[in-house]
Amino acid sequence: MTAPENRTPQCRFCTAPLTRTFANLGAMPLANSYLASIEDADQEQPYPLHARVCDSCRLVQVENAVPPDAIFSDYAYFSSFASSWVEHARAYTEMARQRFDLSAQSQVVEIASNDGYLLKHFVAADIPVLGIEPAANVAAVAEAAGVPTRVAFFGRELADQLRREDICADLLVGNNVLAHVPDLNDFVAGLEFLLKDDGVLTMEFPHLLRLIEEVQFDTIYHEHFSYFSLLTVEQVFARHGLRLFDVEELPTHGGSLRIFACRTESSRQSNGNGLAGVRDKESRAGFDGDDIYAGFQDRVGVVRDGFRAFLAGARKDGKRLAAYGAAAKGNTLLNFCGIGADDLPYVVDISPHKQNHYLPGSHIPIRPVEVLREDRPDYVLILPWNLRQEIIADHGYIRDWGGRFVVAVPQIEIEP
Ligand SMILES: [Zn+2]
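Taking our numbering, the leading residue of the sequence shown gets 108, the next gets one more, and so forth.
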């Protein structure tokens, strides 16, 4: 799977050679490969993390240099642990039921359905569902909650299999999965194949516009192969017979798009305003030119320098530090900036699946959230900055001892 050193990689959508760097973050272990014991650090495998942009279709992408079983063998993420995300999913299901007239005669299919956090709302409304989830341990949680779930990777082959079983979708949902797909063309072809003639597809993914504007380079990691603009996703879908008829901008994951698509030949009317608005924003930002992509690496370096300077200053002043949230994006930040347990002695996390493990690369220990009250750190660095408001609201007690929350991206910001 690993590419020879001197081969020019190709765009995973249009196969044009990828010659332009977007962000080269060096070599680091997989962001989700938490270590059960510090002795496992010897076996840790670093892989290059180098995002490039295609000069032809403008897809920003990380080369698939990692064996897939390394990525999914011990997947530790459970959607239901983030309460704001659970509410986001509930509100989506309400909207979709009304807007698309879903009933007991409809079929909803969700790809990467995780622990059933979203589909369970359709189940409660007696709308038939099928979840597709590659991680068997996560799928088992969904099944136990009454959400029928198939343990599989989605692609053209699975779509074929489902059609043979007479399953096709009135509503096909995929949230935060498109970016994780190594074979993009096979995946989108499968979407088109599984959709009923008048079916609707919605997908949410982090918006490249926000990633660039807010220097969210820490959302780049090996498991996250593609970074989409509307400009690019419309080309990808069009090639596979799908047409976007609406788009919404969402605050989730640092700023996402929710796209609405149907078959190209569907009579469904387009909400021209939504699409035109986002197309215009991207065009004004220069998304069809080279410069906006080429200038990103330097901006990443500025964030790193600011973060290191903050840590050095805090240490000089004798301040005590901790981090909150053993999130994937935190690992990119810490490993790119060369931060270890000497700089940041521990991170707390709400998930029992991560506690008593170590972060990959930085080897910072993960401890239960209660440790904050015992240790009373001066600064608590929030790694999953997309959950910043929620974390500050839930853990305001750190102010009782003068503790303050800090975020490092897009620049150091210390909460008052
Ligand atoms: Zn391309």
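Ideal placement from N, C-alpha and C gives every residue a C-beta, glycine not left out.
Could you check which residue in the options has the C-alpha nearest to that of residue i?
{"i": "residue 151", "options": "324, 314 and 469", "result": "469"}
{"i": "residue 209", "options": "277, 218, 491 and 158", "result": "277"}
{"i": "residue 122", "options": "165, 199, 149 and 360", "result": "165"}
{"i": "residue 226", "options": "254, 201 and 374", "result": "254"}
{"i": "residue 367", "options": "134, 498, 484 and 298", "result": "298"}
{"i": "residue 338", "options": "410, 138, 163 and 117", "result": "163"}
{"i": "residue 243", "options": "232, 257 and 235", "result": "257"}
{"i": "residue 380", "options": "360, 373 and 351", "result": "351"}
{"i": "residue 201", "options": "302, 234, 172 and 174", "result": "234"}
{"i": "residue 359", "options": "492, 131, 156 and 160", "result": "492"}
{"i": "residue 461", "options": "214, 431 and 231", "result": "431"}
{"i": "residue 411", "options": "392, 440 and 423", "result": "440"}
{"i": "residue 231", "options": "330, 204 and 398", "result": "204"}
{"i": "residue 274", "options": "282, 248, 280 and 301", "result": "301"}
{"i": "residue 420", "options": "310, 454, 486 and 438", "result": "486"}
{"i": "residue 138", "options": "348, 459 and 326", "result": "326"}
{"i": "residue 133", "options": "118, 196 and 155", "result": "155"}
{"i": "residue 429", "options": "522, 472 and 347", "result": "472"}
{"i": "residue 261", "options": "251, 280 and 247", "result": "280"}
{"i": "residue 400", "options": "116, 120, 127 and 378", "result": "127"}
{"i": "residue 264", "options": "251, 245 and 296", "result": "296"}
{"i": "residue 346", "options": "293, 318, 322 and 395", "result": "293"}
{"i": "residue 388", "options": "408, 354 and 403", "result": "354"}
{"i": "residue 523", "options": "499, 517 and 516", "result": "499"}
{"i": "residue 349", "options": "405, 422, 455 and 304", "result": "304"}
{"i": "residue 514", "options": "426, 457, 480 and 418", "result": "418"}
{"i": "residue 520", "options": "490, 507 and 424", "result": "490"}
{"i": "residue 448", "options": "435, 214, 459 and 466", "result": "466"}
{"i": "residue 544", "options": "414, 376, 334 and 481", "result": "Residue 544 is absent from the model: the chain starts at 108 and stops at 523."}
{"i": "residue 392", "options": "330, 318, 488 and 370", "result": "318"}
{"i": "residue 251", "options": "222, 518 and 240", "result": "222"}
{"i": "residue 282", "options": "481, 405, 192 and 435", "result": "192"}
Would you identify the three-state DSSP class for residue i, choosing helix, strand or coil?
{"i": "residue 411", "result": "helix"}
{"i": "residue 366", "result": "strand"}
{"i": "residue 156", "result": "strand"}
{"i": "residue 181", "result": "Annotation note: pLDDT 45 at residue 181 (below 50); position unreliable, coordinate value reported separately. It is coil, neither helix nor strand."}
{"i": "residue 353", "result": "strand"}
{"i": "residue 515", "result": "coil"}
{"i": "residue 427", "result": "coil"}
{"i": "residue 217", "result": "strand"}
{"i": "residue 141", "result": "coil"}
{"i": "residue 520", "result": "strand"}
{"i": "residue 111", "result": "Since pLDDT at residue 111 reaches only 49, below the 50 mark, its modelled position is unreliable, and the value read off the structure follows with that caveat. Residue state, collapsed to three classes: coil."}
{"i": "residue 150", "result": "helix"}
{"i": "residue 487", "result": "strand"}
{"i": "residue 212", "result": "coil"}
{"i": "residue 417", "result": "helix"}
{"i": "residue 376", "result": "coil"}
{"i": "residue 394", "result": "coil"}
{"i": "residue 361", "result": "helix"}
{"i": "residue 401", "result": "helix"}
{"i": "residue 207", "result": "coil"}
{"i": "residue 173", "result": "coil"}
{"i": "residue 433", "result": "coil"}
{"i": "residue 200", "result": "helix"}
{"i": "residue 502", "result": "coil"}
{"i": "residue 384", "result": "helix"}
{"i": "residue 347", "result": "coil"}
{"i": "residue 509", "result": "coil"}
When DSSP builds the beta bridges, which residues end up paired with residue i?
{"i": "residue 131", "result": "157"}
{"i": "residue 474", "result": "455"}
{"i": "residue 168", "result": "159 and 333"}
{"i": "residue 117", "result": "124"}
Which parts of the region 276-342 are runs of the beta strand (DSSP E), unbroken and 3 residues or longer, counting only runs that do not cross its ends? 276-282 and 302-313
Can you check the region 221-281 for any beta strand (DSSP E) of at least 3 residues that lies completely inside it and give the ranges in chain order? 236-239
Which parts of the region 437-469 are runs of the alpha helix (DSSP H), unbroken and 4 residues or longer, counting only runs that do not cross its ends? Whole alpha helix (DSSP H) segments, 4+ residues: zero.
Closer than 6 Å between the C-beta and any heavy atom of ligand 1: which residues qualify, listed along the chain? 118, 120, 121, 123, 161, 163, 164 and 166
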